[in-house]
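In case it helps, my numbering puts the sequence shown at residues 39 to 289.
Glycine included, C-beta positions come from ideal geometry on N, C-alpha and C.
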Amino acid sequence: MENEYLFTLIDKEQEHLRKDDLSSSAKSNHINNIIRIKKSIYTGENYEKQIYNDLKNWIKYYIISCDENNFGYDVFDKDIIVKMLNLVSYTQQILLYNFIIRQLKINSHTNDKIIWCESKIKKIEIFLLLTSCNPIDIIKSIFLISSYNVITLLISSFIFLIFVNIIFLPKEYLGINIFQITYEIYYKDNFLLNHILNVTNYFFNFSNGNFKIILENIYDLVLLLSLKIVFYLIIINFIIKEISRSVRKYD
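See the structure below:
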(Lines of atoms letter the chains of each structure in order from A and count residues from 1; the text may use other names and numbers.)
(Lines give C-alpha, C1' and ligand atoms only; values in the text may rest on other atoms or scores of the structure.)
Protein backbone atom coordinates (compact mmCIF):
# COMPACT_ATOMS: atom_id res chain seq x y z
CA MET A 1 0.00 0.00 0.00
CA GLU A 2 2.81 2.39 0.84
CA ASN A 3 4.49 1.82 -2.54
CA GLU A 4 1.20 2.47 -4.32
CA TYR A 5 0.98 5.82 -2.55
CA LEU A 6 4.57 6.65 -3.52
CA PHE A 7 3.92 5.73 -7.16
CA THR A 8 0.89 8.05 -7.03
CA LEU A 9 3.16 10.86 -5.84
CA ILE A 10 5.55 10.18 -8.72
CA ASP A 11 2.65 10.37 -11.19
CA LYS A 12 1.62 13.72 -9.74
CA GLU A 13 5.15 15.07 -10.07
CA GLN A 14 5.29 13.86 -13.68
CA GLU A 15 1.97 15.61 -14.39
CA HIS A 16 3.53 18.88 -13.22
CA LEU A 17 6.47 18.29 -15.55
CA ARG A 18 4.15 18.08 -18.56
CA LYS A 19 2.89 21.63 -18.02
CA ASP A 20 4.06 23.95 -20.80
CA ASP A 21 4.35 27.07 -18.64
CA LEU A 22 6.61 25.46 -16.07
CA SER A 23 10.03 27.09 -15.61
CA SER A 24 13.23 25.05 -15.84
CA SER A 25 13.85 25.74 -12.16
CA ALA A 26 10.46 24.29 -11.24
CA LYS A 27 11.06 21.29 -13.50
CA SER A 28 14.39 20.55 -11.83
CA ASN A 29 12.66 20.73 -8.43
CA HIS A 30 9.94 18.28 -9.51
CA ILE A 31 12.52 15.86 -10.91
CA ASN A 32 14.44 16.14 -7.65
CA ASN A 33 11.23 15.17 -5.83
CA ILE A 34 10.83 12.12 -8.10
CA ILE A 35 14.41 11.04 -7.35
CA ARG A 36 13.82 11.36 -3.60
CA ILE A 37 10.54 9.44 -3.76
CA LYS A 38 12.15 6.61 -5.75
CA LYS A 39 14.73 6.26 -2.99
CA SER A 40 11.91 5.06 -0.73
CA ILE A 41 10.84 2.46 -3.31
CA TYR A 42 14.04 1.07 -4.81
CA THR A 43 17.38 0.02 -3.31
CA GLY A 44 20.95 -0.57 -4.49
CA GLU A 45 21.64 -0.99 -8.19
CA ASN A 46 17.93 -1.02 -8.96
CA TYR A 47 17.63 2.49 -7.53
CA GLU A 48 20.60 3.70 -9.58
CA LYS A 49 19.04 2.32 -12.78
CA GLN A 50 15.73 3.96 -11.95
CA ILE A 51 17.14 7.42 -11.34
CA TYR A 52 19.92 7.64 -13.98
CA ASN A 53 17.68 9.20 -16.64
CA ASP A 54 15.99 11.33 -13.98
CA LEU A 55 19.39 12.72 -13.06
CA LYS A 56 20.13 13.54 -16.69
CA ASN A 57 16.86 15.44 -16.95
CA TRP A 58 17.52 17.17 -13.63
CA ILE A 59 20.97 18.26 -14.86
CA LYS A 60 19.53 19.61 -18.11
CA TYR A 61 16.86 21.74 -16.44
CA TYR A 62 19.10 22.74 -13.54
CA ILE A 63 21.73 24.18 -15.90
CA ILE A 64 19.09 26.03 -17.94
CA SER A 65 17.60 27.41 -14.71
CA CYS A 66 20.99 28.95 -13.85
CA ASP A 67 20.54 31.23 -16.87
CA GLU A 68 16.84 31.96 -16.36
CA ASN A 69 17.15 33.74 -13.03
CA ASN A 70 18.58 37.22 -13.26
CA PHE A 71 19.19 37.68 -9.54
CA GLY A 72 21.65 34.85 -8.95
CA TYR A 73 19.23 32.74 -6.91
CA ASP A 74 19.80 29.71 -9.10
CA VAL A 75 23.57 29.71 -9.43
CA PHE A 76 25.63 26.70 -10.55
CA ASP A 77 26.04 25.15 -7.12
CA LYS A 78 28.85 22.57 -7.25
CA ASP A 79 27.91 21.13 -3.87
CA ILE A 80 24.39 20.35 -5.10
CA ILE A 81 25.79 18.73 -8.25
CA VAL A 82 28.13 16.52 -6.21
CA LYS A 83 25.36 15.60 -3.75
CA MET A 84 22.99 14.57 -6.55
CA LEU A 85 25.57 12.57 -8.48
CA ASN A 86 26.71 10.78 -5.33
CA LEU A 87 23.39 8.94 -5.49
CA VAL A 88 24.80 6.70 -8.23
CA SER A 89 27.95 4.62 -8.80
CA TYR A 90 31.33 6.09 -9.77
CA THR A 91 30.98 4.73 -13.31
CA GLN A 92 27.63 6.46 -13.75
CA GLN A 93 29.02 9.63 -12.17
CA ILE A 94 31.66 9.81 -14.91
CA LEU A 95 28.93 9.52 -17.56
CA LEU A 96 26.85 12.20 -15.85
CA TYR A 97 29.76 14.63 -15.45
CA ASN A 98 30.42 14.22 -19.17
CA PHE A 99 26.73 14.93 -19.77
CA ILE A 100 27.04 18.09 -17.63
CA ILE A 101 29.98 19.22 -19.77
CA ARG A 102 27.91 18.79 -22.95
CA GLN A 103 25.03 20.73 -21.41
CA LEU A 104 27.34 23.51 -20.25
CA LYS A 105 28.72 23.84 -23.76
CA ILE A 106 25.21 23.87 -25.27
CA ASN A 107 24.21 26.67 -22.88
CA SER A 108 27.51 28.58 -23.38
CA HIS A 109 28.66 28.44 -19.78
CA THR A 110 32.15 29.54 -18.74
CA ASN A 111 35.12 27.22 -19.05
CA ASP A 112 35.79 27.15 -15.31
CA LYS A 113 32.68 25.00 -14.80
CA ILE A 114 33.79 22.62 -17.55
CA ILE A 115 37.29 22.40 -16.07
CA TRP A 116 35.74 21.65 -12.66
CA CYS A 117 33.71 18.77 -14.17
CA GLU A 118 36.81 17.40 -15.91
CA SER A 119 38.66 17.56 -12.60
CA LYS A 120 35.88 15.56 -10.91
CA ILE A 121 36.01 12.96 -13.70
CA LYS A 122 39.77 12.65 -13.35
CA LYS A 123 39.57 12.17 -9.57
CA ILE A 124 36.98 9.41 -9.97
CA GLU A 125 39.00 7.70 -12.72
CA ILE A 126 42.15 7.82 -10.58
CA PHE A 127 40.28 6.31 -7.63
CA LEU A 128 38.85 3.49 -9.78
CA LEU A 129 42.25 2.73 -11.33
CA LEU A 130 44.11 2.79 -8.01
CA THR A 131 41.59 0.42 -6.43
CA SER A 132 41.96 -1.99 -9.35
CA CYS A 133 44.23 -5.04 -9.07
CA ASN A 134 45.14 -4.74 -12.75
CA PRO A 135 48.78 -3.57 -13.27
CA ILE A 136 47.79 -1.78 -16.51
CA ASP A 137 45.15 0.21 -14.62
CA ILE A 138 47.74 1.21 -12.02
CA ILE A 139 50.04 2.48 -14.80
CA LYS A 140 47.12 4.44 -16.26
CA SER A 141 46.50 5.98 -12.83
CA ILE A 142 50.12 7.20 -12.74
CA PHE A 143 49.56 9.10 -15.99
CA LEU A 144 46.30 10.57 -14.73
CA ILE A 145 47.75 11.60 -11.38
CA SER A 146 50.87 13.09 -12.94
CA SER A 147 48.82 15.28 -15.31
CA TYR A 148 46.74 16.80 -12.52
CA ASN A 149 49.15 19.59 -11.51
CA VAL A 150 52.85 20.31 -10.95
CA ILE A 151 52.83 18.83 -7.45
CA THR A 152 51.30 15.53 -8.60
CA LEU A 153 53.80 15.45 -11.49
CA LEU A 154 56.69 15.75 -9.03
CA ILE A 155 55.18 13.12 -6.71
CA SER A 156 54.55 10.70 -9.61
CA SER A 157 58.08 11.21 -10.96
CA PHE A 158 59.51 10.67 -7.47
CA ILE A 159 57.54 7.44 -6.98
CA PHE A 160 58.55 6.21 -10.44
CA LEU A 161 62.22 6.91 -9.71
CA ILE A 162 61.97 5.01 -6.41
CA PHE A 163 60.53 2.04 -8.33
CA VAL A 164 63.30 2.26 -10.95
CA ASN A 165 66.05 2.52 -8.32
CA ILE A 166 64.72 -0.65 -6.68
CA ILE A 167 64.72 -2.54 -10.01
CA PHE A 168 68.32 -1.48 -10.68
CA LEU A 169 69.58 -2.70 -7.29
CA PRO A 170 72.17 -5.53 -7.38
CA LYS A 171 71.60 -9.10 -6.17
CA GLU A 172 72.65 -8.54 -2.54
CA TYR A 173 69.78 -6.05 -2.11
CA LEU A 174 67.11 -7.34 -4.49
CA GLY A 175 67.80 -11.09 -4.47
CA ILE A 176 68.25 -11.17 -8.26
CA ASN A 177 70.27 -9.22 -10.79
CA ILE A 178 67.94 -7.64 -13.35
CA PHE A 179 70.68 -5.43 -14.78
CA GLN A 180 74.47 -5.59 -14.62
CA ILE A 181 75.67 -2.07 -13.76
CA THR A 182 79.00 -0.25 -13.68
CA TYR A 183 78.80 2.80 -11.42
CA GLU A 184 80.24 6.29 -11.52
CA ILE A 185 81.59 6.94 -8.02
CA TYR A 186 79.95 9.95 -6.39
CA TYR A 187 79.92 8.67 -2.79
CA LYS A 188 82.45 5.94 -2.11
CA ASP A 189 81.28 5.29 1.48
CA ASN A 190 77.53 5.09 0.76
CA PHE A 191 76.54 2.57 -1.89
CA LEU A 192 72.79 3.24 -1.82
CA LEU A 193 73.18 7.00 -2.17
CA ASN A 194 75.68 6.48 -4.97
CA HIS A 195 73.27 4.05 -6.64
CA ILE A 196 70.36 6.53 -6.45
CA LEU A 197 72.48 9.35 -7.90
CA ASN A 198 73.67 7.14 -10.77
CA VAL A 199 70.23 5.85 -11.72
CA THR A 200 68.48 9.23 -11.35
CA ASN A 201 71.27 10.90 -13.34
CA TYR A 202 70.80 8.30 -16.08
CA PHE A 203 67.03 8.85 -16.39
CA PHE A 204 67.39 12.62 -16.53
CA ASN A 205 70.10 12.25 -19.21
CA PHE A 206 72.71 14.21 -17.30
CA SER A 207 76.39 13.35 -17.66
CA ASN A 208 76.65 9.60 -17.01
CA GLY A 209 80.45 9.40 -16.55
CA ASN A 210 81.42 5.77 -16.01
CA PHE A 211 77.83 4.62 -15.39
CA LYS A 212 76.96 1.74 -17.73
CA ILE A 213 74.12 -0.75 -18.00
CA ILE A 214 75.14 -4.09 -19.46
CA LEU A 215 72.27 -5.68 -21.38
CA GLU A 216 72.55 -9.46 -21.45
CA ASN A 217 69.50 -10.27 -23.59
CA ILE A 218 66.57 -8.80 -25.54
CA TYR A 219 64.36 -8.80 -22.43
CA ASP A 220 66.76 -6.46 -20.64
CA LEU A 221 66.61 -4.10 -23.62
CA VAL A 222 62.81 -4.16 -23.76
CA LEU A 223 62.51 -3.52 -20.01
CA LEU A 224 65.01 -0.66 -20.08
CA LEU A 225 63.35 1.00 -23.08
CA SER A 226 59.91 0.56 -21.50
CA LEU A 227 61.05 2.27 -18.29
CA LYS A 228 62.56 5.21 -20.16
CA ILE A 229 59.49 5.57 -22.40
CA VAL A 230 57.14 5.57 -19.39
CA PHE A 231 59.27 8.20 -17.63
CA TYR A 232 59.26 10.56 -20.61
CA LEU A 233 55.60 9.93 -21.33
CA ILE A 234 54.72 11.02 -17.78
CA ILE A 235 56.41 14.38 -18.44
CA ILE A 236 55.11 14.78 -22.01
CA ASN A 237 51.58 13.88 -20.92
CA PHE A 238 51.70 16.63 -18.28
CA ILE A 239 52.94 19.23 -20.80
CA ILE A 240 50.20 18.33 -23.29
CA LYS A 241 47.50 18.52 -20.60
CA GLU A 242 48.82 21.90 -19.40
CA ILE A 243 48.78 23.30 -22.95
CA SER A 244 45.24 21.97 -23.41
CA ARG A 245 44.07 23.55 -20.14
CA SER A 246 45.66 26.88 -21.06
CA VAL A 247 44.01 26.91 -24.48
CA ARG A 248 40.55 26.21 -22.95
CA LYS A 249 41.10 28.82 -20.26
CA TYR A 250 41.70 31.63 -22.76
CA ASP A 251 39.38 30.32 -25.45
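- Message: For E51, which residues in the same chain have their Cβ closer than 6 Å to its Cβ, ignoring the five residues on either side in sequence?
- Response: Result list for E51: H68, N71 and I72, in chain order.
I'd like to confirm something about I138: is its beta-carbon nearer than 7 Å to some heavy atom of the ligand SAH, or not? Ligands displayed in this structure: none; no statement on the ligand SAH is therefore possible.
- Item | For I89 and F276, the rounded distance between their alpha carbons | The alpha-carbon atoms of F276 and I89 are separated by roughly 36 Å.
_Unbroken alpha helix (DSSP H) run spanning K250, endpoints_ = No alpha helix (DSSP H) contains K250, which is instead part of the beta strand (DSSP E) from K250 to I252.
| Span of the beta strand (DSSP E) around I216 | Secondary structure note for I216: it is in no beta strand (DSSP E), with a DSSP letter that is neither H nor E.
Margin query: So, with DSSP's three-state summary, where would you put C171?
Written below: Coil.
- Task: Can you say whether N84 is buried or exposed, counting buried as having 16 or more other CB atoms within 10 angstroms of its CB?
- Result: Its Cβ having fewer than 16 others within 10 Å, N84 is exposed.
Please state the DSSP three-state secondary structure of Y128. Y128 falls in the helix class under three-state DSSP.
| request: With DSSP collapsed to three states, give me the class of K143. | output: The answer is helix: DSSP assigns K143 an H, G or I state.
ask   = Nearest-angstrom Cα distance between N255 and W154?
value = About 48 Å.
- Measuring alpha carbon to alpha carbon, tell me which of S185, L60, V126 and P173 ends up nearest T81. T81 has its Cα closest to that of V126, out of S185, L60, V126 and P173.
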